[in-house]
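Comments concern the structure below.
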Amino acid sequence: MKQEKNISTPNPKVITILKKMIEDKKLIHDYITNGRDLSELKSKGIKFVQPI
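Per the working numbering, the very first residue in the sequence shown carries number 382; after that it's consecutive.
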């Protein structure tokens, strides 16, 4: 049997979501390293997961 390479084309919607996640991660990192309050980010619409 001949093996075929499975090359998938990325879904543009997934790429957009991943880019947004990376941007948000960088923004949160900058806020934390500069000693700013995360409540400012909440007011900008960034949502954080609440621990159970």
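Don't be surprised by glycine CBs; every beta carbon is placed ideally from N, CA and C.
The beta carbons of residue 405 and residue 427 sit about 6 Å from each other, so the pair counts as a contact at 8 Å. Per DSSP, reduced to three states, the secondary structure at residue 390 is coil, with no helix or strand assignment.
For residue 395 and residue 416, the gap between their C-alpha atoms comes out near 32 Å.
Look at residue 401 here: in three-state DSSP terms it is helix. Take the alpha-carbon of residue 401 and the one of residue 410: they are about 14 Å apart.
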